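The sequence shown lines up with residues 5 to 475 when you count with the working numbering.
Scroll down for the structure; my scribbles are underneath it.
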Amino acid sequence: MRLNRRDFLKALGVVLGGFVVWGRSLLRAQSQPLVINQASGRSGIAGTVTEIVTGQPLAGATVSASGLTSTVTTDAMGQFDLELPPGIYEILVTAPGFLDMSRVHQEVGPSSLLVADFAMVPLNPSEEEAQIIYERLIASPQGSLEQAFLAPGQQTPQGIAPTVTVPSTIVVEWPDGTQQTLDLDYYLKGVVPFEMPPDWPLEALKAQAVAARTYAVAYTQGGAKPICTTTSCQVYTNDRFPGSNAEMAVDQTHGQVATYQDNIISAVYFSRCNGKTTRDSEHAMGSDDNGKWLVCSEHPWNYSPYLRARSCNGHQPYSSSCGYYGHGVGMCQWGAYYWAEKPYEWDYLRILNWYYTGITVTKSPPAPISPFSGALFQVGSNITLMWSAGWANYLGELQNLDTGATIQYGWTPSTSWPLGAWALGRYQWHIKGRDVNGVETPFSTYSRFYVVQHVYNTYFPRTDKNSTSNW
Ligand SMILES: [Zn+2]
5 MRLNRRDFLK ALGVVLGGFV VWGRSLLRAQ SQPLVINQAS GRSGIAGTVT EIVTGQPLAG
65 ATVSASGLTS TVTTDAMGQF DLELPPGIYE ILVTAPGFLD MSRVHQEVGP SSLLVADFAM
125 VPLNPSEEEA QIIYERLIAS PQGSLEQAFL APGQQTPQGI APTVTVPSTI VVEWPDGTQQ
185 TLDLDYYLKG VVPFEMPPDW PLEALKAQAV AARTYAVAYT QGGAKPICTT TSCQVYTNDR
245 FPGSNAEMAV DQTHGQVATY QDNIISAVYF SRCNGKTTRD SEHAMGSDDN GKWLVCSEHP
305 WNYSPYLRAR SCNGHQPYSS SCGYYGHGVG MCQWGAYYWA EKPYEWDYLR ILNWYYTGIT
365 VTKSPPAPIS PFSGALFQVG SNITLMWSAG WANYLGELQN LDTGATIQYG WTPSTSWPLG
425 AWALGRYQWH IKGRDVNGVE TPFSTYSRFY VVQHVYNTYF PRTDKNSTSN W
């Protein structure tokens, strides 16, 4: 089951010029994976597993591929090579004392060797190690203050985008222009651990997960447009930490975004404050064109009522003359870390409401999608009601306005209700959602109305658009 060892080492030497060190695996994941064509006709995945803190090779780590039972173990140099038939795999690396790590969507072609390096994150790091992990793992120490996703005509980030339904999927666009449609939470599991280390306190990570989801929903305008994978948007990679606090945080905040006066907020964050306060948005610290914090001067941003200077206790100030690591606006990550720890033990809602003044963590209720309101149906037509996704379960309610009879559908994870043939009458329906924790939305604020009558041309719209009652 072994690849040609000499070819493998030669390839590594030529292409990488020596050891793969921490941080590089992230860069590789962002760009195209390294593929080496093999004359031998064999195919597989090979690479090096290191410890992220020391950069030293990690021997004895177990490497496996999804759907296959064979595993290999890293040698004294931390190297592995795993022969695989062509296909698309999730490569999983496990080692005692370290978080599991995987890389999804690894495409192995015929006669090709894919290079995949892994930097493993230790369980229970010391405080000093935690600092090092942060520096090496986190792709960008601050959320972008860019306003590229401001709605047209909107001049301030007071509410940066009208509240939209949290979509169930999102389209990511890689630097080479290829696009991938992903489940929103699956996407977030490739974002959150590179914004906040995956072994941080759960409640801090839940705050970060809500911030990342809020950003993604705002940027994509509710899933309508793609989001890039680089620091220009928020960094997304194929790397995962299965079972980590980061993944639990995404699951436990499913569908949740932060809003201010019913608008999606700009949920910006940064690494460290001066140990005392964050900054008002109009006193943001400067950054370069890549969004990296660089200079000790103010880089005034728009006034925002929910991005106010807040006290930020718990951690040592950032030791520079600027006093901030990052632009200083919004959530201080190291502050969130300590708010989540003893003696404070704040939950994520309290953390979010601390750094984003006056916001609400909300999910828009599911909304009817089809049929559109005012549709006419021929009696006996088979009608299926459909609504937007984003919740764990749904309850639909249909009322016959002539008889007053009401029927319900749910709770169900399905986003459609196949009602079959309807009798004559006028109908109205609405929908509500429930999350994994059992928290329910109210029914959708607007309803859909239909008339079932003796007509032959089914399903055409009424035209009285001004009617608020849709009649
Ligand atoms: Zn702080």
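All residues carry an ideal CB built from backbone N, CA and C; glycine is no exception.
Please read these numbers as outputs of a predicted model, since none were measured by experiment.
Run the CB neighbour count on residue i, radius 10 Å, all protein chains shown included, and call it buried at 16 or more, exposed below.
| i | result |
| --- | --- |
| D243 | buried |
| S308 | buried |
| N317 | exposed |
| E199 | buried |
| N41 | exposed |
| S392 | buried |
| V443 | exposed |
| Q183 | exposed |
| S248 | buried |
| S448 | buried |
| G408 | exposed |
| V108 | buried |
| D351 | exposed |
| P465 | With a pLDDT of only 40 at P465, under 50, the local geometry of the prediction cannot be trusted, and the value read off the model is given with reservation. Classification of P465: exposed, given that the 10 Å Cβ count is below 16. |
| Y348 | exposed |
| G45 | exposed |
| V39 | exposed |
| G259 | buried |
Shortest alpha-carbon distance to residue i belongs to which of the options?
| i | options | result |
| --- | --- | --- |
| T410 | P417, T416, L402 | L402 |
| G424 | D406, L389, L399, D439 | L389 |
| A80 | L88, L96, P61, H434 | P61 |
| S324 | G51, Y431, S236, N278 | N278 |
| D266 | P372, A222, G339, D255 | A222 |
| Q320 | T58, S106, L38, E131 | E131 |
| A344 | I136, K210, A123, D85 | K210 |
| G339 | T281, I269, W391, T364 | T281 |
| E133 | T58, P246, T445 | T58 |
| S144 | S275, D104, W350 | S275 |
| F453 | S377, N249, P205, I268 | S377 |
| E302 | A313, W350, N128, E286 | E286 |
| I387 | W350, D351, P370, S420 | S420 |
| Q256 | N306, P372, K193 | K193 |
| A396 | P205, G45, I269, V440 | V440 |
| W305 | P347, G332, C326, S236 | G332 |
| P422 | K436, T407, A379, S374 | S374 |
| P179 | Q212, Q238, A123, I136 | Q238 |
| R232 | I268, F245, V195 | With the sequence shown as reference, residue 232 is identified as Cys, and Arg is not the correct amino acid for it. Selected option, being the one with the closest Cα: V195. |
| I269 | S418, A313, V365 | V365 |
| P372 | Y360, G400, K346 | G400 |
| Q337 | G101, P197, G181 | P197 |
| Y273 | H258, Y360, C326, S315 | Y360 |
| T54 | N128, V39, I137 | I137 |
With residue i and residue j assumed to form a contact (beta carbons below 8 Å), what rounded beta-carbon distance in angstroms separates them?
| i | j | result |
| --- | --- | --- |
| M289 | A215 | The Cβ separation is near 19 Å, so there is no contact. |
| G147 | A271 | 7 Å |
| S3 | L96 | Lying before the first or after the last residue shown, residue 3 is absent from the chain, which here runs from 5 to 475. |
| I355 | E251 | Going by Cβ atoms, the distance from I355 to E251 rounds to 19 Å, so no, they are not a contact pair. |
| Y264 | Y310 | 5 Å |
Work out the CA separation of residue j and residue i for me, nearest whole Å.
| i | j | result |
| --- | --- | --- |
| V456 | Q412 | 19 Å |
| G484 | E111 | Any answer about residue 484 is impossible in this case: the structure gives the chain only from 5 up to 475. |
| P202 | Y398 | 31 Å |
| I56 | V125 | 6 Å |
| L88 | G51 | 14 Å |
| W415 | P90 | 42 Å |
| K229 | E139 | 31 Å |
| L353 | G113 | 46 Å |
| Y328 | I49 | 41 Å |
| T235 | W426 | 52 Å |
| L72 | L86 | 11 Å |
| I435 | Y322 | 49 Å |
| S47 | L118 | 8 Å |
| F122 | A379 | 55 Å |
| V261 | R217 | 6 Å |
| S106 | P205 | 21 Å |
| Y342 | Q212 | 14 Å |
Take residue i and list the residues in its own chain whose beta-carbon comes closer than 7 Å to its own, dropping the five residues that flank it on each side.
| i | result |
| --- | --- |
| L186 | T173, I174, V176 |
| N404 | G429, Y431 |
| N357 | I363 |
| A63 | T78, D79, A80, G82 |
| P446 | P369, K436 |
| L127 | G101, F102, L103, D203 |
| D406 | G429, R430 |
Take residue i and list the residues in its own chain whose beta-carbon comes closer than 8 Å to its own, dropping the five residues that flank it on each side.
| i | result |
| --- | --- |
| H458 | Q382, V383, L428 |
| P171 | L188, V221, T224, G226, G227, S392, A393, G394 |
Excluding the five sequence neighbours on either side, which residues of its own chain have a C-beta within less than 6 Å of the C-beta of residue i, listed in chain order?
| i | result |
| --- | --- |
| Y93 | A69, S70, Q110 |
| T98 | T66, D104 |
| Q83 | T52 |
| R312 | D284, T361 |
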